[in-house]
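Novice:
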Amino acid sequence: MLDVLIAGAGPVGLWLAAELRLHGVEVAVVERRAAPDGRSRAVGLQAGTLDTFATRGLAQRFIERGTPVPTGHFGAATTRLDFSAVGAVHPFMLALGQSVTEQLLEEHAVAVGARVLRGQEVVSLTQGPDAVEVVIRAGGTHRTVRARWVVGCDGTRSAVRQAAGIDFPGQDTTMTGWLADVELDDPPTGPLAATGPGGSFLAAPIGDGVHRLAGLSTATMHRGTGEPLTLAEVREQTRALLGRDLGLRNPRWLSRYGNATRQAARYRAGRVLVAGDAAHMFFPAGGQGMNLGIQDATNLGWKLAATLQGRAPDGLLDSYDTERRPAARAVIDNTRAQLALFAAANPEQIALREVWSAALAEPRTNRQWARRIAGFDDPLPAGTEPGGHPLNGTRLAGLALNTPAGAPTAHPLMHHGRPLLLDLGGTTTPCPTDGLERRAATVDTETAHALWRDVTAVLIRPDARIAWAGTDTDPQRRAADCLPTLRTLCR
Ligand SMILES: Cc1cc2nc3c(=O)[nH]c(=O)nc-3n(C[C@H](O)[C@H](O)[C@H](O)COP(=O)(O)OP(=O)(O)OC[C@H]3O[C@@H](n4cnc5c(N)ncnc54)[C@H](O)[C@@H]3O)c2cc1C
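Next up, the structure:
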């Protein structure tokens, strides 16, 4: 019997498979498509995702294939978000087509021992007390596979979600934008946003000499997502919104996209979980959908592995739902707000966008929204003690180290995907008396020299969230202070 069967070899399923393999979990990914999806779709890896990849030693292989973009937009506002201020190790958005991202993720997943089985579609499942029976269609035949857990990473129409009886409430598309991945004879010098009474227009390089043009035109926004988009319409709308057509030609991908917005009512039903687009869908504003899904998988991987291997404290797996549903809710809210700005047509709405653009010129506001879009500002986990250290529950950012082995940040110390207890005073934090020795296989300990606020030691979860930050200089008291939090991560 398999430990975990994942439905869907999109970016989320592939990344989850690799995360589970870090812990030796037997995992197979079944994918309906016979061959990889070549469409560029998500063209941005946010800084938060690159930092996640850095915790597994992988960021550089993505960076080598993409184009760093230091700023981003929020709702096509003319003041851009400055990613250099978010405290990331890689402080930029990386323009990279989703097909390349998926190729690199699949190579990594397979290299660490995941099986990716193509041309195989999950059609139904039945849950028992100890396992899930999954019916898979391959060619004209059906077979049944047993797995202890099943994760649906099978996109917005998730068969797994439906078979598990998880509701997906929300709204259907009411307006559409258009996008075109094209070559330009007359490219802009950098990312471009233009707005006016006719709608909004964005252009950004996505590598290989291709630009993504995206627009929301008041004249066409009520066309259905299924209506064909032609290069002539893109040229016409670009001229209407920008005043010139940038010499666009040679389209790689033309598509309409809508604002259908839905979220799974729960992310777990018994032995079945959902992640990525299977758990949430929304207007693709600000390049967040794939990144959010990759963070779902990063949150879930170590918790599911610990549950399978009997190392999980009570409630650890359920915290996947309580942490990730609010994170998606916050992204849904910001995509709706962005769409309101993007679709601004009357003078009042246009004025709102101007006011918002002016607000973003204030550095603190700009940094706050850059952090959100970059994936550094998810809501704090439920149960984060009010009155504790302000870093507790936050995403690791801005910690520069000097370790005996020369690690410049904590990220290279996290390749095993285990919690990391890091003493910043350069002395070994004694194990908490209640048997960290026993937990030694599940927690990494390291020492480093760093001046980081008032912090003397920090416990970092495998998903780069700070579980606990200690300020006591006495090692024994510090260890005792850390212990209750440590017990919530592993037993
Ligand atoms: C126009 C557009 C632009 C976008 N731009 C961005 C962006 O810039 N940044 C960003 O972060 N996001 C962006 N997104 C969103 C992003 O593409 C998705 O959020 C992302 O693909 C979700 O990944 P996933 O792995 O959850 O699902 P998917 O990528 O949908 O993968 C699901 C996989 O499951 C397979 N599958 C489906 N049903 C079954 C079944 N029954 N059995 C087996 N396999 C099955 C599918 O074939 C597919 O391969 C954009 C989306 C669109 C449409």
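According to the numbering used here, the sequence shown is numbered sequentially starting from 1.
All residues carry an ideal CB built from backbone N, CA and C; glycine is no exception.
If we ignore side chains and look at the alpha-carbon of each, how far apart do G38 and S99 end up?
Specialist: 5 Å
Novice: At the level of alpha carbons, what is the spacing between R364 and D82?
Specialist: 11 Å
Novice: According to the Cβ coordinates, are A47 and A114 closer than 9 Å?
Specialist: no
Novice: Determine the DSSP secondary structure at Y320, reduced to helix, strand or coil.
Specialist: helix
Novice: Taking 8 Å as the cut-off, does the CB of N291 come closer than this to any heavy atom belonging to ligand 1?
Specialist: Annotation for N291 indicates a beta carbon within 8 Å of some heavy atom of ligand 1.
Novice: Output the residue ranges of the beta strand (DSSP E) runs that lie fully inside the segment 7 to 92 and measure 3 residues or longer, sorted by chain position.
Specialist: 27 to 31, 67 to 69
Novice: Please name the residue, chosen from R239, T261, D181, that lies closest to N250 on a Cα-to-Cα basis.
Specialist: D181
Novice: Go ahead and pull the three-state DSSP assignment for M175.
Specialist: coil
Novice: CB-CB under 6 Å to R478, same chain, minus the five flanking residues each way: which ones, in chain order?
Specialist: Only A457, G470, D472 meet the Cβ criterion.
Novice: Taking Cβ to Cβ, would you say L216 is nearer than 9 Å to L300?
Specialist: no
Novice: Within its chain, find whatever has a CB closer than 6 Å to the CB of V331; leave out the 5 residues flanking it on each side and keep chain order.
Specialist: Around V331: Q288, L292.
Novice: Using 8 Å as the cut-off, classify the Cβ of P284 as near or not near the heavy atoms of ligand 1, replying yes or no.
Specialist: At a threshold of 8 Å, P284 counts as near ligand 1, since its beta carbon sits closer than that to one of the ligand's heavy atoms.
Novice: What runs of the alpha helix (DSSP H), each 4 residues or longer, lie entirely inside the segment 126 to 203?
Specialist: 159 to 163
Novice: Kindly list the residues whose CB is nearer than 6 Å to the CB of A17, restricted to its own chain and excluding five residues on each side of it in sequence; keep chain order.
Specialist: I6, V27, V29, A109, A114
Novice: Our contact map puts R266 next to G170 with C-beta atoms below 8 Å; I'd like the distance itself, whole angstroms only.
Specialist: Not quite, the Cβ-Cβ distance comes to about 14 Å (not below 8 Å), so this is no contact.
Novice: In chain order, what are the residue ranges of uninterrupted beta strand (DSSP E) at least 3 long that sit wholly in the segment 270 to 298?
Specialist: 272 to 274
Novice: State the DSSP-derived secondary structure class of L399, mapped to helix, strand or coil.
Specialist: coil
Novice: At a threshold of 8 Å, does Y320 count as lining ligand 1 (C-beta to nearest heavy atom)?
Specialist: Distances taken from the Cβ of Y320 to the heavy atoms of ligand 1 include none shorter than 8 Å.
Novice: List the DSSP bridge partners of H449.
Specialist: N402, G425
Novice: Please state whether the Cβ-Cβ distance between D377 and A328 is less than 9 Å.
Specialist: no
Novice: Hey, how far is the Cα of I63 from the Cα of L96?
Specialist: C-alpha separation (whole angstroms): 9 Å.
Novice: Please confirm if the segment 396 to 407 is in contact with the segment 448 to 463, defined as three or more CB-CB distances below 8 Å between the two stretches.
Specialist: Contact between the segment 396 to 407 and the segment 448 to 463 is present, with at least three C-beta pairs closer than 8 Å.
Novice: Please classify M290: is it buried, with 16 or more other beta-carbons within 10 angstroms of its beta-carbon, or exposed?
Specialist: buried
Novice: Evaluate contact between the segment 161 to 168 and the segment 179 to 197, counting only Cβ atoms and requiring at least three cross-stretch pairs below 8 Å.
Specialist: no
Novice: Comparing alpha-carbon positions, which option in D474, P475, R465 lies nearest L489?
Specialist: Proximity to L489 across D474, P475, R465 peaks at R465, based on C-alpha coordinates.
Novice: Rank Q368, R325, I350 by C-alpha distance to the C-alpha of A278 and give the top, closest one.
Specialist: R325
Novice: At a Cβ threshold of 9 Å, is T71 touching chain B?
Specialist: Here chain B cannot be found, since the structure has a single protein chain.
Novice: Just verifying my parser: in three-state terms, what is the DSSP assignment at N259?
Specialist: coil
Novice: Less than 8 Å separating the Cβ of F158 from some heavy atom of ligand 1?
Specialist: Contrary to the premise, residue 158 reads as Ser rather than Phe in this sequence. For ligand 1, at least one heavy atom lies less than 8 Å from the Cβ of S158.
Novice: If we ignore side chains and look at the alpha-carbon of each, how far apart do N198 and D444 end up?
Specialist: Note that residue 198 is Gly in the sequence shown, not Asn. Those two C-alpha atoms are separated by around 56 Å.
Novice: For R118 versus D3, is the C-beta distance shorter than 9 Å?
Specialist: no
Novice: For A214, report the span of its beta strand (DSSP E) as first-last.
Specialist: 210 to 217
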